[in-house]
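Input: a single structure, listed below in structure tokens.
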Amino acid sequence: MENWLKRILLITASTSLALVTSVTAAEQAVQVIEPDIERREVSVDKIDSGDFEIGAFIGIISIEDFDSEVVYGARLGYHFTEDIFVEASYGESEGDLTSYEEISGGPPLFNDSDRDYSYYNFSIGWNIFPGEIFIADKYAFKSDFYFIGGAGNTNFLGDNWFTVSLGAGYRLMLNDWFAWRIDVRDHIFDRDSFGQDSTTNNIELTTGVSFFF
Amino acid sequence: MLHHKALGFKSRQLMTMLVIALLVLLALHRPAYAEELYARVTVAEAYIEIHTSPGRGYPVFYIAERGETLLVLKQKTSWYKVRTEKNIEGWVSINDLGLTLDSSNELVNIKAPDKESFINRKWESGFMVGDFDGSDVMSVYAGYHFTRNLSMEVALSNIYGDHSDGHAASVSIVHQLFPQWRVSPFFTIGGGIIDTNSRSNLVATKDRSENTANVGAGLRIYLDDRFLLRLQYKNHIILTNRDDDEEVDEWKIGLSVFY
Chain X
1 MENWLKRILL ITASTSLALV TSVTAAEQAV QVIEPDIERR EVSVDKIDSG DFEIGAFIGI
61 ISIEDFDSEV VYGARLGYHF TEDIFVEASY GESEGDLTSY EEISGGPPLF NDSDRDYSYY
121 NFSIGWNIFP GEIFIADKYA FKSDFYFIGG AGNTNFLGDN WFTVSLGAGY RLMLNDWFAW
181 RIDVRDHIFD RDSFGQDSTT NNIELTTGVS FFF
Chain P
1001 MLHHKALGFK SRQLMTMLVI ALLVLLALHR PAYAEELYAR VTVAEAYIEI HTSPGRGYPV
1061 FYIAERGETL LVLKQKTSWY KVRTEKNIEG WVSINDLGLT LDSSNELVNI KAPDKESFIN
1121 RKWESGFMVG DFDGSDVMSV YAGYHFTRNL SMEVALSNIY GDHSDGHAAS VSIVHQLFPQ
1181 WRVSPFFTIG GGIIDTNSRS NLVATKDRSE NTANVGAGLR IYLDDRFLLR LQYKNHIILT
1241 NRDDDEEVDE WKIGLSVFY
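Residue numbers (the numbering used here), protein chains in the order written: chain X, 1 to 213; chain P, 1001 to 1259.
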């Protein structure tokens, strides 16, 4: 009798214990499903990017018939791939007297305000010769030689002229985000300010710095 | 007295030591804190090549092996600058980084833009040149895609005529029939304004501003990466104050980019 009672008690006790432990195990399992761990996904948007290039330049432009003058301006670019970039440029200069005006000594043909020369263009650039330059044993800097071409507008002699720009340039990356540039462009447009249509080549040589962000 | 002095000296020494310890801790802690800002990935392939500069031609100077973790510092075009556990910094291509694992042991969800990105593009912007009734025309435009088929575009144009030049602005609705095609035809309808100014060497014509309406059709051709070629024809009706409205054909070709 006692044994029988003991057995029953033992069985109930062990089953209830098993139940309790299984319940706690289940509770623990529930807790395991919701861990208090902060997950950090690799989000592409959050990675600091450096595809935009903003810069300023200064140089000389030879305005056909109007002497060579200082030109300065700014550029904003976007690099799609290591090879291809697009760029918007704006530049300002001022034409001097034409040779005729200087020689004849007569009254000037144009107002001073008409001699203001400004342009903007949208261009596509191709880093055709990427490279590296080395200074001493220690330093290596990334560089790009590129061809660039585009179209835009020139405002000169009181009119707007459709302008095609072609050129080449060299960009030296001093670090990941700072570059030194040299650019040569030919701004070509047809002008009829002297009565007849004539194609003018306005060659520009500039240097500048730019920042990537 | 002497005892107090000694204690004072000792406490000052203790303070100095504490400050130094704190500074050391801060110094040790800072890079760890900085590292927390960067995404961390684990190499899953047999190895991953690290280049000296962001470009395919630059030398591979280090190879990170499977299991190595990399911090992703920055991105430039399709290259990512990484730092290894051994503090080696270099550049990994986007497609290689796409084969690494993130903190939840899943493949990093990045890849170079392809035709699928073209189909799912939201923003589109481009530059076009062409012919506007015998004059040179140059335009920039930007568009937003509401659905794969339907988008809205804003365009600004400069027109260079023999006797006058013009500035035009327009808003258009663009519908493409087969967004999944690489060469995708579209139809467009819109309206805007056009300002016409006489050239400085002519005094006869007057400057004027008129409303325009246009219909058109064209093709978008996906090239590669984020680029598409765009060809379009538009028929403009210029609503003049004169007896007859003017009708103008415009043909343009351009290069666009999308996001």
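Cβ coordinates follow ideal geometry from the N, Cα and C atoms, glycine included.
Item to complete: On the DSSP bridge assignment, give the partners of residue 1175/P in chain order.
Response: Note: residue 1175/P sits in a beta bridge opposite 1150/P and 1187/P.
Worksheet item: Taking the Cβ atom as the reference point for each residue, do residue 1082/P and residue 1101/P lie within a distance shorter than 8 Å?
Response: In terms of Cβ geometry, residue 1082/P and residue 1101/P do not form a close pair [threshold 8 Å].
Worksheet entry | For residue 81/X and residue 130/X, the rounded distance between their alpha carbons | Taking the straight line from one Cα to the other gives about 12 Å.
Worksheet item: Tell me the DSSP bridge mates of residue 1163/P?
Response: Answer by DSSP bridge pairing: none, since residue 1163/P is not bridged.
Discussion item. Can you check whether the C-beta of residue 1258/P is within less than 8 Å of a C-beta belonging to chain X?
Written reply: Chain X has no Cβ within less than 8 Å of the Cβ of residue 1258/P.
Discussion item. Following a CB-centred definition, is residue 1132/P positioned closer than 7 Å to any heavy atom of the ligand MN?
Written reply: This structure lacks the ligand MN; in fact it carries no ligand of any kind.
Worksheet item: Within 10 angstroms of its Cβ, does residue 1239/P collect 16 or more other Cβ (buried), or is it exposed?
Response: Burial call: exposed.
Worksheet item: How about residue 176/X and residue 50/X: are their beta carbons less than 8 Å apart?
Response: Taking a C-beta distance under 8 Å as the contact criterion, residue 176/X and residue 50/X qualify as a contact pair.
Worksheet entry | Distance CB(residue 127/X)-CB(residue 152/X) smaller than 8 Å | Between residue 127/X and residue 152/X, the C-beta gap is not smaller than 8 Å, which leaves the two residues out of contact.
Practice prompt. Give, in chain order, every unbroken run of the beta strand (DSSP E) that is at least 3 residues long and sits entirely within the region 1067 to 1109 of chain P.
Written response: If only complete runs of 3 or more residues are kept, the region 1067 to 1109 of chain P shows the beta strand (DSSP E) at 1069 to 1076, 1079 to 1084 and 1089 to 1093, in order along the chain.
Practice prompt. Rounded to whole angstroms, what's the CA-CA distance from residue 1141/P to residue 1153/P? Just pull it up for me.
Written response: Approximately 7 Å between the Cα atoms of the pair.
Practice prompt. Assign residue 1060/P to one of two classes, buried (16 or more other C-beta atoms within 10 Å of its C-beta) or exposed (fewer than that).
Written response: Taking all protein chains in view, the Cβ of residue 1060/P is surrounded by fewer than 16 other Cβ atoms within 10 Å, so the residue is classified as exposed.
Practice prompt. Please state if the CB of residue 191/X and the CB of residue 208/X are separated by a distance shorter than 8 Å.
Written response: The answer is no: Cβ separation not under 8 Å.
Worksheet item: Where does residue 110/X fall in DSSP's three states?
Response: Coil, per DSSP.
Worksheet entry | residue 1226/P in three-state terms, based on DSSP | Looking at residue 1226/P - three-state DSSP - the assignment turns out to be coil, as it is neither helix nor strand.
Fill in: Three-state class that DSSP yields for residue 1038/P in the structure shown
Coil at residue 1038/P, not helix or strand.
Fill in: Residue-level contact to chain P via CB, residue 205/X, 8 Å cutoff
It does not: the Cβ of residue 205/X has no partner Cβ on chain P nearer than 8 Å.
Worksheet entry | Where residue 1127/P meets chain X, residues with beta-carbon distance less than 7 Å | 122, listed in chain order.
Item to complete: Return the residue from the list 1062/P, 1119/P and 1185/P that minimises the CA-CA distance to residue 1091/P.
Response: That would be 1062/P, whose Cα lies nearest to the Cα of residue 1091/P.
Discussion item. Run through chain P and tell me which residues come within less than 9 Å of residue 79/X, C-beta to C-beta.
Written reply: Contact of residue 79/X with chain P by beta-carbon distance below 9 Å involves 1076 and 1077.
Discussion item. What would DSSP say about residue 1259/P, mapped onto helix, strand or coil?
Written reply: Residue 1259/P: coil per DSSP, three-state reduction.
Worksheet item: If you drop the 5 nearest sequence neighbours on each side, which residues of the same chain put their C-beta closer than 6 Å to that of residue 23/X?
Response: Confidence at residue 23/X is low in this model, with a pLDDT of 49, below 50, so its placement is unreliable and no value can be given for it.
Fill in: Contact with chain X by residue 1031/P, beta-carbon distance below 8 Å
Any answer about residue 1031/P is weak, because its pLDDT of 45 lies below 50 and its placement is not dependable; what the coordinates show is given next. Judged by the 8 Å Cβ criterion, residue 1031/P is not in contact with chain X.
Worksheet entry | First and last residue of the uninterrupted beta strand (DSSP E) at residue 1119/P | Per DSSP, residue 1119/P belongs to no beta strand (DSSP E); it is in the alpha helix (DSSP H), 1115 to 1119.
Discussion item. Please state the DSSP three-state secondary structure of residue 193/X.
Written reply: Reduced to three states, the DSSP call for residue 193/X is coil.
Fill in: Contact check, residue 92/X vs residue 68/X, beta carbons under 8 Å
No, these two residues do not count as a Cβ contact at 8 Å.
Discussion item. For residue 1301/P, tell me which candidate among 1225/P, 1078/P, 1246/P and 1214/P has the shortest Cα-Cα distance.
Written reply: Lying before the first or after the last residue shown, residue 1301/P is absent from chain P, which here runs from 1001 to 1259.
Practice prompt. Under 8 Å Cβ to Cβ from residue 1089/P, same chain only, skipping five residues before and after it: list those, please.
Written response: Correct list, in chain order: 1073, 1081, 1082 and 1083.
Item to complete: Using a Cβ-Cβ cut-off of less than 8 Å, give me the residues of the region 134 to 146 of chain X that come near chain B, in sequence order.
Response: Included in the structure are the protein chains X and P, with no chain B among them.
Worksheet item: So the alpha helix (DSSP H) residue 64/X belongs to, where does it begin and stop?
Response: For residue 64/X, there is no enclosing alpha helix (DSSP H), since its DSSP letter is neither H nor E.
Item to complete: My understanding is that residue 1254/P touches residue 1129/P, with C-beta atoms under 8 Å, so please give their C-beta distance in whole angstroms.
Response: Here residue 1254/P really is in contact with residue 1129/P; their C-beta atoms are around 7 Å apart, less than 8 Å.
Worksheet item: Which residues in the same chain as residue 132/X place their Cβ atom closer than 8 Å to its Cβ, once the five residues preceding and following it in sequence are excluded?
Response: Excluding sequence neighbours, residue 132/X sits near 140, 141, 142 and 143.
Worksheet item: Who are the neighbours of residue 1158/P on chain X, taking C-beta pairs under 8 Å?
Response: Taking the beta carbon of residue 1158/P as reference, the chain X residues within 8 Å of it are 153, 160 and 162, listed in sequence order.
Discussion item. In whole angstroms, give me the CA-to-CA distance for residue 60/X and residue 203/X.
Written reply: Straight-line spacing of the CA atoms in residue 60/X and residue 203/X works out to 8 Å.
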